[in-house]
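Engineer: The structure that follows is given in the form of structure tokens.
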Amino acid sequence: MNIDARKLSPEQQEQLRQRAIRLRHEGKSFREIGQLLNVHSDTVGRWYKRYETGGFTAIAVQKRGPKKKQRRLTILQELHIIEAIFKQTPDQFKLSSALWTRRAIAQLIKQLWDIDIPVRTMGDYLKRWGFTPEKPLKNAWVQNPSRINAWLKEEYPKIKARAASEAAEIFWGNETGVNNLTRYGCRYVPVGEALIQPLRTKSVLLNMISATNNQGTVSFMLYKSTMTAKVLNKFLQALIKSTPNKVFLILDNLQVDHANLVKGWLKRGRAKRYLEVFFLPAHSTGPEPG
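Counting in my numbering, the sequence shown runs from 1035 upward without gaps.
Written out as structure tokens, the structure is:
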């Protein structure tokens, strides 16, 4: 039975639409997506048509209430920041982190244009750009509630206790597809160069790998290729560099997480001393959450 999306909260509606787009990028048909998400295939088709025209912003739920204040950054400045996030890392701008966070991006904006952006407002920008990770534990729970509940009751307390005794910080890993070119319909321009002219661009799918700590701080990296052991190792190395304490990272149990290249890297050097990886129970083949 199809759900009535109108009865969902704005946040739930937006998550449902974003999930539909990502499933479409994975090659699912509108009918398959509709069956997985319990919505009509025609609805999925309308969402995707709007997405093709204007990116994730075009499928965002319009919230009622007073209009938002005028944005602090120009569209050109936003494009510069998106380009910087994709092509460079914070430490290349002499910032303290090796991964992007809301605070690091706000610091870069201050450095480039002497504009102060509150961290909370920076989160609004990231959401508008589509740079917001899904919640792996929530997704895994919907697919495997009994196994996740058992894991939370039996395994996670052990991880949490060890983290406390070893002064380690717990992170939850996630990989998410994002789209940030059709958001503006403008060509990318390198930082420091002028925008020549707006033009219609094809949708370009980027990927984001992220780690969220128990305080809700998201550290992330963008990449254009598919997830590989080499990309994962690069992210893990940056996560260690960005975190003063030992890292306990809980991953989603994807095939790449168990690659020999990753296993070998985890047993050497700083990774062996400062990083330990744990895994959520493997996902079922059932429908993903909205």
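In this text, a Cβ means the ideal position worked out from N, Cα and C, and glycines have one as well.
Only a predicted model underlies this, so the values are computations on that prediction, with no experimental measurement involved.
Report, in whole angstroms, the separation of the C-beta atoms of Glu-1209 and Asn-1247, which I expect to be a contact under 8 Å.
Structural biologist: In fact, because the Cβ distance is near 17 Å, the residues do not count as touching under 8 Å.
Engineer: Measure the alpha-carbon distance for Thr-1091 versus Arg-1162 and round it to whole angstroms.
Structural biologist: Looking at the two C-alpha atoms, the distance is approximately 6 Å.
Engineer: So which of Pro-1152, Val-1290 and Leu-1057 has the shortest CA-CA distance to Gly-1207?
Structural biologist: Val-1290
Engineer: Between Met-1261, Ile-1284 and Met-1255, which has its C-alpha nearest Pro-1124's C-alpha?
Structural biologist: Met-1255
Engineer: Less than 9 Å between the beta carbons of Val-1311 and Ile-1284, yes or no?
Structural biologist: yes
Engineer: How would you label Ser-1063, buried or exposed, when you count the other beta carbons within 10 angstroms and need 16 or more for buried?
Structural biologist: Result: exposed.
Engineer: Look at the alpha carbon of Tyr-1082 and the alpha carbon of Ile-1055, and state the distance between them as a whole number of angstroms.
Structural biologist: Cα to Cα, Tyr-1082 sits roughly 6 Å from Ile-1055.
Engineer: If you run the structure through DSSP and keep just helix, strand and coil, what is Asn-1072?
Structural biologist: coil
Engineer: Here's the rule: buried if 16 or more other CB atoms are within 10 angstroms of the residue's CB, otherwise exposed. What is His-1114?
Structural biologist: That one is buried.
Engineer: Can you tell me whether Pro-1044 is buried or exposed, with buried defined as 16 or more other CB within 10 angstroms of its CB?
Structural biologist: exposed
Engineer: Give the C-beta separation of Glu-1203 and Val-1281 to the nearest angstrom, bearing in mind that I take them to be a contact with Cβ-Cβ under 8 Å.
Structural biologist: 6 Å
Engineer: If you follow the beta strand (DSSP E) that Met-1255 is in, where does it begin and where does it stop?
Structural biologist: According to the DSSP assignment, Met-1255 belongs to the beta strand (DSSP E) that extends over 1252-1257.
Engineer: Please list the terminal residues of the continuous alpha helix (DSSP H) segment that includes Leu-1288.
Structural biologist: Taken as a continuous stretch (DSSP letters only), Leu-1288 belongs to no alpha helix (DSSP H), as it is neither H nor E.
Engineer: Among Trp-1185, Gln-1047 and Ala-1245, which has the Cα closest to the Cα of Gln-1071?
Structural biologist: According to the sequence provided, residue 1071 is Leu. The question's Gln does not apply to it. Among Trp-1185, Gln-1047 and Ala-1245, the Cα nearest to that of Leu-1071 is on Gln-1047.
Engineer: Does the segment 1105-1112 touch the segment 1139-1150, meaning 3 or more C-beta pairs lie closer than 8 Å?
Structural biologist: yes
Engineer: Can the beta-carbon of Trp-1134 be found less than 9 Å from the beta-carbon of Ser-1253?
Structural biologist: yes
Engineer: Can you name the residues that DSSP bridges to Ala-1245?
Structural biologist: Per DSSP, Gly-1207 and Ser-1253.
Engineer: Considering Glu-1310, what are the terminal residues of the beta strand (DSSP E) in which it resides?
Structural biologist: 1309-1313
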